[in-house]
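Enquirer: Those protein sequence lines, which keep their order, are chains A and B.
By the working numbering, the letter at position 22 of the first sequence is numbered 22, and the numbering carries on one by one without gaps.
By the working numbering, the letter at position 244 of the second sequence is numbered 1244, and the numbering carries on one by one without gaps.
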Amino acid sequence: MKLTDTPVRNDDNAVRKIEDTVFVMNPDTSELHSFNEVGCRMWELADGSRTVAAIAEAIVEEFAVDAQTAQTDALEFLGELNSKDLVRV
Amino acid sequence: MNHPVEPRCFRVGALVAEVRGLSFPLEAGSGWLPQFATNVDAPADFSVDVSCGDLPGSALRSSGVRAVRVDRSQRTIWLDMNELVARLRLADRHVDARLGGSWVYSLETLLKNAAQIFGLELRKALYLHASSVDRAGLAYVFLGRSEAGKSTAALISREAGLARVLREEMTAVGDLSRAEPVRVFTLPSVEEHGLSAGPAAVPLRGLYWLQQDSVDSVNRISVPEQVRRLAMATSICVRDEMLMIPALELAEQLVRRVPVRVLRFRKSAEFWKAIDEDLVSDA
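(1) Taking three-plus beta-carbon pairs below 8 angstroms as touching, is the stretch 1131 to 1146 of chain B in contact with the stretch 1114 to 1122 of chain B?
(2) Spatial neighbours of Pro-1188 of chain B within its chain, please: CB distance less than 6 angstroms, with the 5 preceding and 5 following residues excluded, ordered by chain position.
(3) Can you tell me whether DSSP reads Arg-1123 of chain B as helix, strand or coil?
(4) Closest to Leu-963 of chain B by C-alpha separation, out of B:Val-1227, B:Leu-1207, B:Asp-1045, B:Leu-1204, would be which residue?
(5) Per DSSP, which one or two residues make a beta bridge with Leu-1079 of chain B?
(6) From which residue to which residue does the alpha helix (DSSP H) around Ile-1156 of chain B run?
(7) Anything in chain A within Cβ reach of Arg-1069 of chain B, meaning under 7 angstroms, just list it in chain order.
(8) DSSP state of Thr-116 of chain A, grouped into three classes?
(9) Can you tell me where the beta strand (DSSP E) holding Gln-1211 of chain B begins and where it ends?
(10) Taking all protein chains shown into account, decide if Phe-1010 of chain B is buried (16 or more other Cβ within 10 angstroms of its Cβ) or exposed.
(11) Which of helix, strand or coil does DSSP assign to Met-1 of chain A?
(12) At a CB-CB cut-off below 9 angstroms, which residues of chain A make contact with Leu-1248 of chain B?
(13) Could you tell me whether any Cβ in chain A is nearer than 8 angstroms to the Cβ of Ala-1231 of chain B?
(14) For chain A, find out if any of its Cβ atoms is closer than 8 angstroms to the Cβ of Arg-1220 of chain B; answer yes or no.
(15) Tell me whether Ser-1268 of chain B sits in a helix, a strand or coil according to DSSP, three-state version.
(16) Using a Cβ distance threshold of 8 angstroms, determine whether the stretch 1147 to 1155 of chain B contacts the stretch 1257 to 1271 of chain B, with at least three qualifying pairs required.
(17) Cutting at 8 angstroms between CB atoms, please list the residues of its own chain near Lys-84 of chain A, excluding the five before and the five after it.
(18) Could you name the residues of the same chain whose beta carbon sits closer than 6 angstroms to that of Glu-1277 of chain B, not counting the 5 residues immediately before and after it, in chain order?
(19) Output the boundary residues of the alpha helix (DSSP H) element that contains Glu-44 of chain A.
(20) Give the DSSP bridge partners of Met-1170 of chain B, in chain order.
(21) Which one or two residues does DSSP pair with Phe-1185 of chain B in a beta bridge?
(22) Buried or exposed: where does Glu-62 of chain A fall if 16 or more other Cβ atoms within 10 Å of its Cβ makes it buried?
(23) Hey, Arg-1183 of chain B and Val-1202 of chain B are a contact pair by Cβ (cut 8 angstroms); roughly how many whole angstroms apart?
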């Protein structure tokens, strides 16, 4: 995953939000994933219209974290989602 | 060959199935299904048309899913199992099935898988990989990862004379579509240690996620974490979005009515003291 990549959620997954947690089920692997508040927001922002860098910028504004942390977390989190086919680039 | 015979109704967990086309006597021979027969006038949640003996079958063949096909646009599921093939039409609440031989076990397998699917479709019931016990007329369900001690907790409770075992491996919980108290239902089958409580519907008192530990304690967790653990324990024979979304919905509904607690226990019946203390503090 690179900062210039544009991730988009995989709509084949079953998704449900409960309080501040998003649950995503991958039908192919039967795996259930859950994201915390920050992960939830990154998931929402991965709609195919923003680069990873832009998602990280939004996290900086909304969660008052520094840019380096946000970029590192976004790359790691979205990269992991990509490896599990929960997002695609 | 399909013989026209009178329909039979069976309670399968929280649901009732109306079955037509049985050409063999259920009462003769083994199998627990006849115990779960219910009044033919009972409102059925789903209907089943079976033809028997159209598949090559063997009484030695074990149950197992060979293939699954899902058509979301038609809301139809095809199950190809060792002992049966079935087409489930969710919108019609109907199943067409061919069973391998005059074999009660095939029918039990068909009904349990169908009840799982329709339980979710109707937003009525969850089928959990869990043990359950009846203690003084109230049901307690034990969830957890493999080898967490689900069967152990049930069996040591029975051996201590504190509870009777309802189910060891698969527990049905419902009716989540109604406001009445949630109940644990038994299913027609014999389990690992030869235990089966027969037909029962017991009010649910507690859901416990088990963790073996050196102390006995009951701990509270957040609603999302409760849902996550319940979803992990939910049995869905067909892993498709059509069923997985209702599974999450029902899991959330259930935990808001009966919360999931984490039970750390030492593999002795002493854990009931921790449960009782927690329930008293919750009152």
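Glycine included, C-beta positions come from ideal geometry on N, C-alpha and C.
Expert: So, from the listed chains and residues:
(1) Cβ pair count under 8 angstroms is below three, so no.
(2) Trp-1032, Leu-1033, Phe-1036, Glu-1108
(3) coil
(4) Given a span of 1001 to 1283 for chain B in the structure shown, any question on residue 963 of chain B remains unanswerable.
(5) B:Val-1068, B:Ala-1086
(6) 1150 to 1159
(7) The premise fails here: Arg-1069 of chain B is roughly 13 angstroms from chain A at the closest Cβ pair, so nothing lies under 7 angstroms.
(8) Here chain A has residues from 1 to 89 only, and residue 116 of chain A is not among them.
(9) 1201 to 1212
(10) Taking a 10 Å sphere around the C-beta of Phe-1010 of chain B, we find 16 or more other C-beta atoms and assign the residue as buried.
(11) coil
(12) For Leu-1248 of chain B, the residues of chain A that pass the 9 angstroms Cβ criterion are Ala-14, Val-15, Arg-16, Ile-18, Phe-23, Met-25, Leu-32, in the order they occur in the chain.
(13) Ala-1231 of chain B has a beta carbon lying within less than 8 angstroms of a beta carbon in chain A.
(14) no
(15) coil
(16) yes
(17) Asn-26, Thr-29, Glu-31, His-33
(18) Contacts found: none.
(19) 37 to 45
(20) In DSSP, Met-1170 of chain B forms a bridge with B:His-1129.
(21) Per DSSP, B:Ala-1172, B:Ala-1201.
(22) With fewer than 16 neighbouring CB atoms inside 10 Å of its own CB, Glu-62 of chain A falls in the exposed class.
(23) 6 angstroms
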